[in-house]
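To start, the structure itself, in structure tokens.
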Amino acid sequence: MLHNLSIGELGRRLNSGQISSAELARYFLARIERLNPALNALITPTPELALAQAKDADRRRAAGEQGPLLGIPLIHKDIFCTNGVRTSCGSRMLDNFIAPYDATVVAQLKAAGAVMLGKANMDEFAMGSSNETSFYGPVGNPWDTTKVPGGSSGGSAAATAARLVPFATGTDTGGSIRQPAALTGVTGVKPTYGRVSRFGMIAFASSLDQAGVLACSAEDAAIVLKVMAGFDPRDSTSIDLPVPDYPAALNAPLAGLKIGLLREFFDGLEARNTALIQDALRIYRGLGAETVEVSLPHLPLSVPTYYVVAPAECSSNLSRFDGVRYGYRCTQPKDLLDMYKRSRGEGFGAEVKRRIMTGTYVLSAGYFDAYYLKAQKVRRLITDDFRKAFERVDLLIGPTTPTPAFAIGAKIDDPVTMYLNDIYTIGANLAGLPGLSLPCGFVEELPMGLQLIGPHFSEGKLLNAAHQFQQATDWHRRSPRGYE
Amino acid sequence: MNLTRQDVEKIAHLARLSITEQEMPVYVTSLSSIVNFVDELSRVDTGGVEPMAHPLEGQHQRLRADAVSESDHHEKYQANAPAVQAGLYVVPRVIE
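Going down the list, the protein sequences come from chains C and F. So the first sequence is numbered by my numbering: it starts at 1 and just counts up by one. So the second sequence is numbered by my numbering: it starts at 485 and just counts up by one.
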């Protein structure tokens, strides 16, 4: 079946003329129409635009153009601005917002000929770990639709896991690519801070946000990341370094690779989950890697550090939503202050308001030093721990999440419990490091993720290590029942 | 430390957020639990540690030349505005 083919294989069929881009787009659009209602993974399907883009890809191919993504379908997380298409960020605030330009990531993928089938559901303004904070409703996990797919890139992950699309874009501020990738059994990459442009990507926490990809394998993710990555003068945090040929590095042997086991990640981890990680380590040792235990003593402070830094930055970034220039405006404001307060109070959902208020509090007079400045200092301690670890090892390994997917509704009323879902992923964001989650087995018939974290700009090594694991295992090929 | 209703009202005002009567007790409880949770940081010894604002050491935000790089898109951008008149954003009267 077409939906189980790799991006490389789809490209070969497009190049040989076995199938056209338009046929491929129609195939996946039909799959979305049939299967998305039970998942709610897409907020806005764009079938007409998709067919126009697919026909354009067919014309380009007929004119002799080739390219690994020419004619390959994708969906964009609804945080990326798409010219002429509603860009809601999962919020009532932007329910009526038609983006007037393309994000750089969208433009790069469009230029490569990838065909957008629609916009993916997400936690409101990317604030959530379960996709339950979306104005457009929760997303079902294709492995069990009573369970969450994770978040905030929950729609991107569920759609990729259900093979509604070969790949999807996502963003990761505290785990929002890796955690949903783990809970839905797909491969997700959060690149180094500054590796991928954030121009046109609606800001949440600017010292943490990074764009990336969710796909069915490390090989597919490598193909996509090569197109997405690179310098963008329109993003002042974009890093001006050449982009390595990620696909070309996938087959490098792992002999001699030093993998560090994060001791702090195993404290309190359930035995069944630990066993899956131990199995993965055996596979890596079989591939010639060496495993050593390392300790990052400040890592357990990641979550409280993050829940000062991220809300502080969010409260500042989201002040732009004022009911004046775009977005929701309340009816019949009695004065300017009433318009600001009610437009924001009615336009934002409960979790977004909670984060804005947390951030406002930690930045307010009398609390700035005790919370914000303190968190920035602890952030340095955590970052220094990683730096020291990478003097000894090439990459770090551990679980992506403490548990498999939980039930929709189980944690939504208890923010701190929800925040602790990201206990293993947040460290990489605080230190600006690249991280990758790949499927490594099942607990209670639900997928679990193995996380790899590397030094800055080591995406190629992470993808290489993930690909070698996927050559030796078939977890990434498993499909949820009903979506085979 | 637990926040009071008055604390939350003040924060909401600073953040320009209207909070309904039903929402208020939920925020008093949940914001208190978050503040208590992040209070763990106060027990960490950070003597002599410089605060870290940028995740990549040595990287600074670039400045660009102060030159016009965009053409005029105001009509397209204002199509998203709730109220526009003669190319201007319309808000409730602020000067009597």
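All C-beta atoms in this analysis are idealised placements derived from N, C-alpha and C, irrespective of residue type, glycine included. Source: prediction; values computed, not measured.
Taking its Cβ as the centre, do 16 or more other Cβ atoms sit within 10 Å of residue i, making it buried, or is it exposed?
i: Q278 (chain C); result: exposed
i: D220 (chain C); result: buried
i: K377 (chain C); result: buried
i: Y419 (chain C); result: buried
i: E124 (chain C); result: buried
i: A63 (chain C); result: exposed
i: P297 (chain C); result: exposed
i: P404 (chain C); result: buried
i: D556 (chain F); result: exposed
i: L462 (chain C); result: buried
i: F368 (chain C); result: exposed
i: K341 (chain C); result: buried
i: T146 (chain C); result: exposed
i: K560 (chain F); result: exposed
i: T160 (chain C); result: buried
i: L572 (chain F); result: exposed
i: P68 (chain C); result: buried
Cβ of residue i less than 8 angstroms from any chain C Cβ?
i: A549 (chain F); result: no
i: L501 (chain F); result: yes
i: L525 (chain F); result: yes
i: Q490 (chain F); result: no
i: S514 (chain F); result: yes
i: Y485 (chain F); result: Position check: residue 485 (chain F) holds Met in this sequence, whereas Tyr was assumed. For M485 (chain F), the answer is no, since every Cβ of chain C falls outside 8 angstroms of its Cβ.
i: E534 (chain F); result: yes
i: L540 (chain F); result: yes
i: V552 (chain F); result: no
i: S517 (chain F); result: yes
i: P566 (chain F); result: yes
i: A496 (chain F); result: yes
i: H557 (chain F); result: yes
i: Q543 (chain F); result: yes
i: P576 (chain F); result: yes
i: A537 (chain F); result: yes
Could you please give me the residues that DSSP links to residue i through a beta bridge?
i: I75 (chain C); result: C:G118, C:A168
i: F442 (chain C); result: C:P447
i: K258 (chain C); result: C:E290
i: L437 (chain C); result: Leu is not the amino acid found at residue 437 (chain C); the sequence shown has Ser there. Paired residues: C:G188, C:Q451.
i: L572 (chain F); result: F:Q569
i: K147 (chain C); result: C:A407
Can you tell me which of the options puts its alpha carbon nearest to the alpha carbon of residue i?
i: A205 (chain C); options: C:A22, C:M127, C:Y246; result: C:M127
i: Y193 (chain C); options: C:S236, C:F167, C:S153; result: C:S236
i: T383 (chain C); options: C:T403, C:T331, C:I453, C:S343; result: C:I453
i: I72 (chain C); options: C:L296, C:Y371, C:G212, C:K110; result: C:K110
i: L241 (chain C); options: F:Q543, F:R577, F:A570, F:P576; result: F:Q543
i: M536 (chain F); options: C:L395, C:N429, C:E391; result: C:N429
i: L42 (chain C); options: C:S6, C:Q18, C:L2, C:S88; result: C:S88
i: T169 (chain C); options: C:S207, C:V309, C:A103, C:G349; result: C:A103
i: H538 (chain F); options: F:D550, F:R546, F:E580; result: F:R546
i: P149 (chain C); options: C:D95, C:G174, C:F135, C:R178; result: C:R178
i: D172 (chain C); options: C:P166, C:G212, C:F199, C:G185; result: C:G212
i: E445 (chain C); options: C:L183, C:S343, C:F265, C:L301; result: C:L183
i: R234 (chain C); options: F:A567, F:Q506, F:R548; result: F:R548
i: A389 (chain C); options: C:G260, C:Q468, C:P37; result: C:G260
i: A93 (chain C); options: C:D335, C:V186, C:V352; result: Inspection of the sequence shows that residue 93 (chain C) is occupied by Met rather than by Ala. Considering only alpha carbons, the answer is C:V352.
i: G482 (chain C); options: C:S238, C:N141, C:G256; result: C:N141
i: R527 (chain F); options: C:R163, C:R387, C:L301; result: C:L301
Using a C-beta cutoff of 8 angstroms, does residue i count as contacting chain F?
i: Q451 (chain C); result: no
i: I98 (chain C); result: yes
i: S364 (chain C); result: yes
i: M357 (chain C); result: yes
i: G432 (chain C); result: yes
i: S6 (chain C); result: no
i: S315 (chain C); result: yes
i: G212 (chain C); result: no
i: V106 (chain C); result: no
i: M339 (chain C); result: yes
i: T103 (chain C); result: Thr is not the amino acid found at residue 103 (chain C); the sequence shown has Ala there. Output row for A103 (chain C): interface = no.
i: K258 (chain C); result: no
i: I239 (chain C); result: yes
Fill in: Complete beta strand (DSSP E) runs within the region 79-145 of chain C (minimum length 3 residues, chain order)
115-120
Discussion item. So within the region 275-305 of chain C, which uninterrupted beta strand (DSSP E) runs reach at least 3 residues, ignoring any that extend past its ends?
Written reply: 290-294
Worksheet item: Unbroken beta strand (DSSP E) runs of length 3 or more, entirely within the region 160-235 of chain C: which are they?
Response: 167-171, 187-190, 211-215
Item to complete: Entirely within the region 386-424 of chain C and at least 3 residues each: give me those beta strand (DSSP E) ranges in chain order.
Response: 395-399
Fill in: Entirely enclosed beta strand (DSSP E) segments - the region 1-63 of chain C, minimum 3 residues
42-45
Worksheet item: What beta strand (DSSP E) runs, 3 residues minimum, are completely inside the region 499-529 of chain F?
Response: none
Fill in: Contiguous alpha helix (DSSP H) assignments of at least 4 residues, all confined to the region 339-367 of chain C
350-363
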